Amino acid sequence: MEKLLLQLVKKWGVDCIIFDLDGTLVDTLEFHIKAFQQLFAEKGLKISYDKIAENMGRTPKDTLLTLLSNLVDAPKKLEMLTQEKEQKLSKLLTTVYKMPGAEEILKLLKANHKTLCLASSTPSYNVKKILEATTLEVYFDAIVTEEDISVGKPNPEVFLVAAKKGRCSIDSCLVIGDSTHDIKAAKNAGMKVIAVASGKHSKVELEQEQPDFLVQTLKTLIT
């Protein structure tokens, strides 16, 4: 029997699949949260775990602007805090695990001649570190990182840039991501979206954003 993902791809006329990275293909969200926690502790700020977690999927700058709206009043200060957070993240990325089913899905799609793009809100040097640790880079035809965009999710720019880099038409693109921000951005881009409840947003939260399909784990898509 044909795998569920291939059934959906065929049904929707999909030629290009755009993947989110953190929380979708790799289990790195706890590292991001810990990096923010370390930064806030150093600055004497008390921001709850849940507040940080609900912002996962956004750019580091957007997360800081939301969490520290009254404290970040200058672009230079925001840039400095963002760099500090990403440096802390880089030190934490010593062991990175692929999500169960991640590589199998990429192999399956490649074997079926699909264009694969990666669209991440994380800066390029940490994306590179994650991809090198997991050996997933070989599967992607195009990679988009924070430096390639001017506005973060739920703005669709990250997915539109990925489609352009991958030379894909918008109506042939499918986004696979783990956050409400992924769903909103994909819909804003006019793309199909599969939500995976493997990140920090619950199945109920994801469902409220009405993705085209919702699964608990990536492995469900290759059953």
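In the numbering used here, the protein residues as written are -16 to 206. Every residue gets a Cβ at the ideal spot worked out from N, C-alpha and C, and that includes glycine. Remember, it's a predicted structure, so these values are computed and weren't measured experimentally.
Give every residue of the same chain whose Cβ lies closer than 7 Å to the Cβ of residue i, excluding the five residues on either side of it in the sequence, and list them in chain order.
i      : result
Gly149 : Cys(-1), Thr98, Cys100, Asp124, Ala125
Thr117 : Val9, Val79, Lys81
Pro137 : His164, Lys167, Ala168, Asn171
Arg41  : Ser104, Gly135, Lys136, His164
Ile132 : Glu140, Val141, Val144
Glu188 : Thr163
Cys151 : Asp(-2), Cys(-1), Thr98
Tyr32  : Ile16
Do residue j and residue i have their beta-carbon atoms positioned less than 9 Å apart in this structure?
i       : j      : result
Ser104  : Asp45  : yes
Glu192  : Ile159 : no
Thr11   : Asp3   : no
Leu64   : Leu22  : yes
Leu47   : Lys68  : yes
Leu(-9) : Leu157 : yes
Ile1    : Ala169 : yes
Lys60   : Lys17  : no
Starting from the C-beta of residue i, find all residues in its chain whose C-beta is less than 8 Å away, skip the five residues before and the five after it, and write them out in chain order.
i      : result
Leu91  : Lys(-14), Leu(-12), Leu(-11), Ile205
Ser185 : none
Nearest by alpha-carbon distance to residue i: which of the options is it?
i       : options                       : result
Leu207  : Met39, Gln21, Ala102, Gly84   : What the structure shows of the chain is the stretch from -16 to 206, and residue 207 is not part of that stretch, so it cannot be assessed.
Gln199  : Asn138, Gln191, Gly182        : Gly182
Ala172  : Ala178, Asp161, Asp154        : Asp154
Val(-3) : Glu190, Ala146, Ala180        : Ala146
Glu86   : Phe142, Leu50, Asp161, Val121 : Val121
Asp161  : Gln20, Asn138, Glu190, Leu143 : Glu190
Thr128  : Phe19, Leu119, Val144         : Val144
Asn109  : Gln66, Asn138, Phe142         : Gln66
Lys93   : Phe14, Leu119, Thr42          : Leu119
Leu54   : Gln70, Ile30, Lys71           : Ile30
Glu13   : Ile35, Met(-16), Phe142       : Ile35
His15   : Pro43, Lys26, Lys(-7)         : Pro43
Lys74   : Phe19, Tyr32, Ala102, Lys(-7) : Phe19
How should residue i be labelled, buried or exposed, when 16 other C-beta atoms within 10 angstroms of its C-beta is the threshold for buried?
i      : result
Val134 : exposed
Asn95  : exposed
Glu37  : buried
Glu130 : exposed
Ala24  : exposed
Pro58  : exposed
Leu28  : exposed
Met39  : buried
Met174 : buried
Spatial neighbours of residue i within its chain, please: C-beta separation below 6 Å, excluding the five flanking residues on both sides.
i       : result
Ile177  : Ile159, Phe196
Lys211  : Nothing about residue 211 can be reported from this structure: the residues present for the chain run from -16 to 206 only.
Pro194  : Ile166, Val176, Ala178
Ala102  : Ile1, Val127, Val141, Phe142, Ala145
Lys(-7) : none
Q: Counting only runs of 4+ residues fully inside the segment 26 to 79, write out the alpha helix (DSSP H) ranges in chain order.
A: For secondary structure counted as the alpha helix (DSSP H) over 4 or more consecutive residues, the segment 26 to 79 holds these complete runs in sequence order: 32 to 36, 43 to 50, 58 to 75.
Q: Ignoring anything shorter than 3 residues or poking outside the segment 101 to 182, list the beta strand (DSSP E) runs there in chain order.
A: Listed in chain order, they are 125 to 127, 156 to 160, 175 to 179.
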